[in-house]
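**Student:**
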Amino acid sequence: MDIQLEDLNNGALCVVLLGRLDTVGVDRIEATVTSAVAAQPRDVALDLDGVSFLASMGVRLIITLARSQKARGQRLVLFGARPGVRATLDMVALDKIIPLLPDRAQALAHLLSA
Amino acid sequence: MRPPSPSLLIPLTADVAGLEIARLQARQFLQNNAIDEHALTAVELVLEEAITNIIRYGYEGRDPAEEPPVIEIDLQIDMDEVQVLIVDDAKAFDPLDSGGVLLPETLDDAQVGGLGLLMIRNTSSGMVYERRDGHNRLLLTIERH
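Chains H and G, in that order, are what the protein sequence lines are.
Heads up, the first sequence is in our numbering, so the first residue is 4 and it goes up one at a time.
Heads up, the second sequence is in our numbering, so the first residue is 169 and it goes up one at a time.
1. In this structure, how does DSSP classify H/A84 when only helix, strand and coil are distinguished?
2. With H, G and I counted as helix, E and B as strand and the rest as coil, what does DSSP make of G/H313?
3. Give the range of the beta strand (DSSP E) segment to which G/E298 is assigned.
4. Quick one: what does DSSP say H/I100 is sitting in, helix, strand or coil?
5. Taking only beta carbons into account, state which residues of the stretch 264-279 of chain G come closer than 7 Å to chain H, listed in chain order.
6. Leaving out five residues before and five after G/V238 in sequence, what residues of the same chain have Cβ atoms less than 6 Å from its Cβ?
7. How long is the line joining the alpha carbons of G/R299 and H/A39, rounded to whole angstroms?
8. Applying the criterion that 16 or more other CB atoms from any shown protein chain within 10 Å of the CB defines a buried residue, is H/T35 buried or exposed?
9. Determine the DSSP secondary structure at H/S116, reduced to helix, strand or coil.
10. Measure the CB-CB distance between H/L16 and H/V47 and report whether it falls below 8 Å.
11. For G/L270, which option in G/D262, G/L285 and G/F261 has the closest C-alpha, if you only look at C-alpha atoms?
12. Among H/K73, H/V27 and H/S71, whose alpha-carbon lies nearest the alpha-carbon of H/G61?
13. At the level of alpha carbons, what is the spacing between G/E216 and G/I254?
14. Output needed for H/D97: all residues of its chain with C-beta closer than 7 Å, excluding positions within five of it in sequence on either side, in chain order.
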């Protein structure tokens, strides 16, 4: 599991997640992701295109990040989930409580529209 | 007479490293037996969720130096299904007996506990639990197609 941090041109932070978002993967990246998101109050987009597997530990991480964003008055959106990852997001109804967009352009448009 | 079903017994240590090694062994075995990626991912998911629960909660209050945990995975490939048997000597825990998770309507009421069990239930076509001789035995059935 690896991450990359990128600035979107609206000032939001894009966190690109790469690999398996399971217990091993979350252990590896959780501290880095949490501190990157907490570094300054701004909207965050999680790029899931490079996530090959999503388990409950990964879902917990996403929920925790979304809650901390909300507490700071900022937003979290997800985009790029592949079919297997999308199926897991649907299974736990995460798509009902956190905006899930097909790709980066639509995630950016969503953040700009509100 | 049908040939015997391919099977693999994987003993693992009760920690995250043990889970990862076991997952890779299971993946190799399933790939070698032409299990498709969809079923393979389903087996990985139930192993991840069930064994994470055992490691995190099953051995609370027990000194591993005095009484080392014993966890085993037994995979068996049948004609239409993969049978995943997980045996451990942790505290008794019947996943069929635990309450269901309510799916969230808002971020505030999203539960982070119990998601793993929800995933196991939704991914398996069969779940059988038994407590026998001080061991939990959880048999999960994953459809091959």
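Every residue, glycine too, gets a C-beta built ideally from N, C-alpha and C.
Since the structure is predicted, the reported quantities are computational estimates derived from the model, not experimental observations.
**Tutor:** Well, looking at it:
1. Coil at H/A84, not helix or strand.
2. G/H313: coil per DSSP, three-state reduction.
3. Run containing G/E298: G294 to R300, per the beta strand (DSSP E) assignment.
4. In this structure, H/I100 counts as coil in the three-state DSSP scheme.
5. Look at the stretch 264-279 of chain G: the residues with a C-beta under 7 Å from a C-beta of chain H are L271, P272, E273, T274, L275 and A278.
6. Taken in chain order, the residues that qualify are D257.
7. C-alpha separation (whole angstroms): 45 Å.
8. Taking every protein chain shown into account, the CB of H/T35 has fewer than 16 other CB atoms within 10 angstroms, so this residue is exposed.
9. Helix at H/S116.
10. Taking 8 Å as the Cβ cut-off, H/L16 and H/V47 qualify as a contacting pair.
11. Considering only alpha carbons, the answer is G/L285.
12. The shortest Cα separation from H/G61 among H/K73, H/V27 and H/S71 belongs to H/V27.
13. Approximately 11 Å between the Cα atoms of the pair.
14. Checking the sequence shown, residue 97 of chain H turns out to be Leu, not Asp. Around H/L97: V62 and I65.
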